[in-house]
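Residue numbers (the working numbering), protein chains in the order written: chain Y, 809 to 1095; chain U, 809 to 1095; chain F, 809 to 1095; chain W, 809 to 1095. Down below is the structure, laid out as structure tokens.
4 protein chains.
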Amino acid sequence: MSSPLLVSRIPAPRQPDTVIRVGERVAIGGPAITIIAGPCSVESRGMLLDTAYAVRAAGATMLRGGAFKPRTSPYAFQGMGEAALELLAEARELTGLPVVTEVLDVRTVSLVERHADVLQVGARNMQNYSLLCELGRSAKPVLLKRGMSATVAELLMAAEHVMANGNTNVILCERGIRTFETSTRNTLDIGAIAVLKLETHLPVIVDPSHAAGRAHLVPALAVAAVAAGADGLMIEVHPSPATALSDGEQSLTPNDFDGLMDRVRAVASAIGRTVSNPLPLLALGTG
Amino acid sequence: MSSPLLVSRIPAPRQPDTVIRVGERVAIGGPAITIIAGPCSVESRGMLLDTAYAVRAAGATMLRGGAFKPRTSPYAFQGMGEAALELLAEARELTGLPVVTEVLDVRTVSLVERHADVLQVGARNMQNYSLLCELGRSAKPVLLKRGMSATVAELLMAAEHVMANGNTNVILCERGIRTFETSTRNTLDIGAIAVLKLETHLPVIVDPSHAAGRAHLVPALAVAAVAAGADGLMIEVHPSPATALSDGEQSLTPNDFDGLMDRVRAVASAIGRTVSNPLPLLALGTG
Amino acid sequence: MSSPLLVSRIPAPRQPDTVIRVGERVAIGGPAITIIAGPCSVESRGMLLDTAYAVRAAGATMLRGGAFKPRTSPYAFQGMGEAALELLAEARELTGLPVVTEVLDVRTVSLVERHADVLQVGARNMQNYSLLCELGRSAKPVLLKRGMSATVAELLMAAEHVMANGNTNVILCERGIRTFETSTRNTLDIGAIAVLKLETHLPVIVDPSHAAGRAHLVPALAVAAVAAGADGLMIEVHPSPATALSDGEQSLTPNDFDGLMDRVRAVASAIGRTVSNPLPLLALGTG
Amino acid sequence: MSSPLLVSRIPAPRQPDTVIRVGERVAIGGPAITIIAGPCSVESRGMLLDTAYAVRAAGATMLRGGAFKPRTSPYAFQGMGEAALELLAEARELTGLPVVTEVLDVRTVSLVERHADVLQVGARNMQNYSLLCELGRSAKPVLLKRGMSATVAELLMAAEHVMANGNTNVILCERGIRTFETSTRNTLDIGAIAVLKLETHLPVIVDPSHAAGRAHLVPALAVAAVAAGADGLMIEVHPSPATALSDGEQSLTPNDFDGLMDRVRAVASAIGRTVSNPLPLLALGTG
């Protein structure tokens, strides 16, 4: 990594951690760990709001939810699109949780931008440079997922594409890589967290749900990621995983997510960090 | 692979090979093997025309050349863009060779379509579903490269995205996968050719240049691909590899390409196939 | 994994955790996490004893050290052999730390057995079935490292080879797998810990040193492994990593190891576990 | 690869191809391609002799057959052991075909040596250095299979272990590597053939059966390997694949093998090589 890169720690004096603010309360990359949770896909108003209230109660401070879904098969559920964006915006109004959702297409960046607080680039699009450049011209932070066979160096270069176009608010996300092992959906590259924290000043979060692929393995990966130095977690939660339209096997129930949060707080404390304070419940509810 | 897929061999009666016609002379997927050659990137009018005449003389029947280049670094040469498309169109006029070039962005599909005969999707965009869908609405054939860690099943599903949107002219391209081995740039998955020929009726071509990553390894991979059943080859040729703006190490000189063509013809003949006839030099106007 | 396997959790009623006792004080697989530390290779009496006293003082309860070293090149240092075994035995007498060392050859099993407390099978020999069977007839516990491209299922089957021959004291060790990523020496498969704890009753330890390949990455991997549920850690410590005859880049100094132990204790406590009590310093010294 | 290695092409003047003689008629590494065929395991006298006569008639000049079988499960068929060695020796007497079989254990090297003409090291034992050293002291040639996740450089270093101990007759065998792709059992690394032919003077053969894992894919891989420059092929043939005790799915029938041989001869001829002459049937006594 040559020194003049914008992503790099190295231009002397050593670049301090970038802290990315989302809304009034969330700061990603500071001492507090940020927990993002929500359904893989927005399936209906009811399930989205149920999930949003539940994850807020458990301590999440951001809401995730897919509106446009990249699916291997063209015949699988592709997401509710714009209607989902509107529901996500409503969920933010009601719960106070800022929203992150994936953008798939350069032509819908401005649409997604109007509704979401953070724009996600999925693993399949990590080297879709047209999209990265377009997001480089956005005022909203970008959550950039590592491609499933991208090296750490390539992930940093993908972030550089965004930053070189003017948007310095990039959050990196490790979500497991493709290997020969099939007992998990992907192999969480726990070492990449440590490598990234050394090589870049950008915040690094982890998605244990896509790495595990099975709900009962998610908690172990989540707390391991925190121990390894992740600045945040993004976790799939669904009120009824068995009936989810996508990624049901890897989604936690609200109850399991609540239990996981206790473990996350304990491990965060053990390494001298905190978990972002949940929003005060009383202050909300009226939207 | 469930039977109703458009890519599948299996809907009874067994689907015969799809033959894709490009211009008046080229047919990809029939008994004759199609050779596509040209520079990684179009760098200038002179180098493009020199290469085009040279590869035609050696027996190539299609010309490749990058106008929009996806590059890991945002600071690397990104291609000449529209100017390159115009040069490719001119090269076609002068040599009679139809042209394939990569399209990176849904917003430039119609521009590329106006100049090129075949639209290429690069490995990094194999799961850029917006782009695949847009190409599904094009009247031009699509050359779909396998993603560097895509399974054969995922490659077929990417083709299905194009076909499901109405464009049934999809050419699949094996170009090496990412593995632990570093003595070649990628690991050419020679077995994937045989698997694809069984599972789909679509033509399958091979790019030995990106798999090898080093020019002196390209010929062995090229003839192996023909022996394994590939319907075509796409090979990088540059008049002066040492000064190429991209992929110089893996580009053949015109002279080496000429020598390779003899070997390709011999192996094709050994397995009962031919190589597409080169265009008659006299029939072409001023070329 | 079919139910009658000896390694399996599943024969009803669900098999409880196997706890393997080593000497009078060490119990691997119980609530307390076992820390094994020491040099990659035994290089001399002085460096071995220095390291042994240092890791004991920091809280390790077992000593590692290579006598027979499998090396990629036949011209690299192959270990001190039997002389190293004698030094390891002396170190045990002086420090009270039981000793684990690798056995490479069926013909030296009885020799190694005479000096060591636990017999290690290295990653390269995970599917050396002759060796596994021979160790199945030993009375000493076996520490079985996962092969660098072995699946979890294959690791369990390798353990089954030992158990099927009568030795039920097998400790599994995750040490990173081979993937395309090169920023770490291997990719620590953190998810494998969780999968193994579900599928087998055998204890699971982690070697973060071989996974990381670089000393400054070892602590993050070590605490992540504890958070994920590992029953122990095996860590390379060398009094002078820069001059080590093997694996110097990934060896911690005694001082760094001491700092890591504090972090390990904190994370262990956060997940409701402890770290094995260090040996009382006063009680030793007379052997 | 530093220049003084025994495996290397590079010590000036450039090292010519090593040709390894087996018995009176077989020369591996010369202009003629050597075909080795036979069953995965020796299952009985009848099936072995039937297969041996059949593969000889089709043009094979060496016989393969497993006596000691490394199996993932300790409960799978482990081979007939010494009885199989005696049957292999008898098959050689009757057919004139020299025999290659795997040796698993340093303690059985001398036993296998007495019966076999070439000693095979399997993929799982490629880094079993005790075994390699022992074979380095043998007078019989060694057929060294690449480990399933070994790099080309590591394969060469494994051969160096044999050569450094005095046995310079090492035949390298590419048999597919472990990758994420599952449509074939392993991914045949066709590029490794070309890389090896450049870097070493040792002969390089290919095992398409273990790479493919499915019989109908074997022929494409076999002819591709010949086109890429392999000095030989090792192919599993079984008189009744459906009832084979091991590797039935990837074994050719004698009839399919006979058809493949015609294709191999045609491709060999196309690249300027021949296939070793089959033994004259009349010249063999009672066979």
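Glycine included, C-beta positions come from ideal geometry on N, C-alpha and C.
Beta-carbon proximity of residue i to residue j, cut-off 8 Å
{"i": "residue 1045 of chain U", "j": "residue 845 of chain U", "result": "yes"}
{"i": "residue 961 of chain Y", "j": "residue 934 of chain Y", "result": "no"}
{"i": "residue 998 of chain F", "j": "residue 996 of chain Y", "result": "yes"}
{"i": "residue 850 of chain U", "j": "residue 1025 of chain W", "result": "no"}
{"i": "residue 940 of chain Y", "j": "residue 954 of chain Y", "result": "no"}
{"i": "residue 925 of chain Y", "j": "residue 1047 of chain Y", "result": "no"}
{"i": "residue 1075 of chain U", "j": "residue 1079 of chain W", "result": "yes"}
{"i": "residue 1019 of chain F", "j": "residue 992 of chain F", "result": "yes"}
{"i": "residue 895 of chain F", "j": "residue 856 of chain F", "result": "yes"}
{"i": "residue 864 of chain W", "j": "residue 905 of chain W", "result": "yes"}
{"i": "residue 1017 of chain F", "j": "residue 1059 of chain F", "result": "yes"}
Integer-rounded CB distance, given that residue j should sit under 8 Å from residue i
{"i": "residue 1072 of chain U", "j": "residue 843 of chain U", "result": "7 Å"}
{"i": "residue 931 of chain U", "j": "residue 971 of chain U", "result": "At roughly 19 Å, the Cβ-Cβ gap does not stay under 8 Å, so residue 931 of chain U and residue 971 of chain U are not in contact."}
{"i": "residue 854 of chain F", "j": "residue 909 of chain F", "result": "Wrong, their Cβ atoms sit about 18 Å apart, outside the cutoff."}
{"i": "residue 885 of chain Y", "j": "residue 912 of chain Y", "result": "That belief does not hold up - the Cβ atoms of residue 885 of chain Y and residue 912 of chain Y are roughly 14 Å apart, past 8 Å."}
{"i": "residue 830 of chain W", "j": "residue 967 of chain W", "result": "Residue 830 of chain W to residue 967 of chain W, Cβ: 17 Å. No contact."}
{"i": "residue 869 of chain U", "j": "residue 833 of chain U", "result": "7 Å"}
{"i": "residue 817 of chain F", "j": "residue 1007 of chain F", "result": "6 Å"}
Cβ shell of residue i (< 7 Å), same chain only, five flanking positions each side left out
{"i": "residue 1001 of chain F", "result": "982, 1012, 1014, 1033, 1036, 1037 and 1038"}
{"i": "residue 1027 of chain Y", "result": "1068 and 1071"}
{"i": "residue 1042 of chain W", "result": "844, 872, 981, 1013 and 1015"}
{"i": "residue 914 of chain Y", "result": "938, 939 and 942"}
{"i": "residue 882 of chain Y", "result": "none"}
{"i": "residue 878 of chain Y", "result": "912, 930 and 932"}
{"i": "residue 837 of chain U", "result": "825, 826, 827, 828, 1011 and 1039"}
{"i": "residue 921 of chain Y", "result": "927, 946 and 948"}
Exposed unless 16 or more other CB atoms sit within 10 angstroms - verdict on residue i
{"i": "residue 947 of chain Y", "result": "exposed"}
{"i": "residue 812 of chain U", "result": "exposed"}
{"i": "residue 944 of chain W", "result": "buried"}
{"i": "residue 942 of chain Y", "result": "buried"}
{"i": "residue 891 of chain U", "result": "exposed"}
{"i": "residue 824 of chain Y", "result": "exposed"}
Same chain only: Cβ atoms within 6 Å of residue i, ignoring 5 sequence neighbours per side
{"i": "residue 1095 of chain U", "result": "Its pLDDT being 39, under 50, residue 1095 of chain U is placed unreliably in this model, and the value from its coordinates should be taken loosely. Cβ within range, chain order: 902 and 903."}
{"i": "residue 897 of chain F", "result": "923"}
{"i": "residue 917 of chain Y", "result": "911 and 942"}
Through-space distance from residue j to residue i, alpha-carbon basis
{"i": "residue 1009 of chain W", "j": "residue 975 of chain W", "result": "14 Å"}
{"i": "residue 1066 of chain F", "j": "residue 866 of chain F", "result": "5 Å"}
{"i": "residue 1096 of chain Y", "j": "residue 951 of chain Y", "result": "In the structure displayed, chain Y extends from 809 to 1095; residue 1096 of chain Y sits before or after that span and is not available."}
{"i": "residue 1096 of chain W", "j": "residue 899 of chain W", "result": "Because chain W is modelled from 809 through 1095, residue 1096 of chain W falls outside the range shown and cannot be assessed."}
{"i": "residue 1040 of chain U", "j": "residue 987 of chain F", "result": "31 Å"}
{"i": "residue 949 of chain F", "j": "residue 1077 of chain F", "result": "27 Å"}
{"i": "residue 822 of chain Y", "j": "residue 835 of chain Y", "result": "21 Å"}
{"i": "residue 847 of chain F", "j": "residue 923 of chain F", "result": "17 Å"}
{"i": "residue 1062 of chain W", "j": "residue 1051 of chain W", "result": "14 Å"}
{"i": "residue 965 of chain Y", "j": "residue 965 of chain U", "result": "28 Å"}
{"i": "residue 1005 of chain W", "j": "residue 969 of chain U", "result": "41 Å"}
{"i": "residue 809 of chain Y", "j": "residue 994 of chain U", "result": "Residue placement at residue 809 of chain Y is flagged as unreliable, the pLDDT there being 41, under the threshold of 50; the coordinate-derived value follows with that caveat. Their backbone Cα atoms lie some 22 Å apart in a straight line."}
Cutoff 8 Å; reference residue i; Cβ partners in own chain excluding five residues on either side
{"i": "residue 840 of chain W", "result": "1081, 1082, 1083, 1084 and 1085"}
{"i": "residue 1057 of chain U", "result": "1021, 1022, 1023 and 1049"}
{"i": "residue 888 of chain F", "result": "849, 850, 851, 875 and 895"}
{"i": "residue 936 of chain F", "result": "929"}
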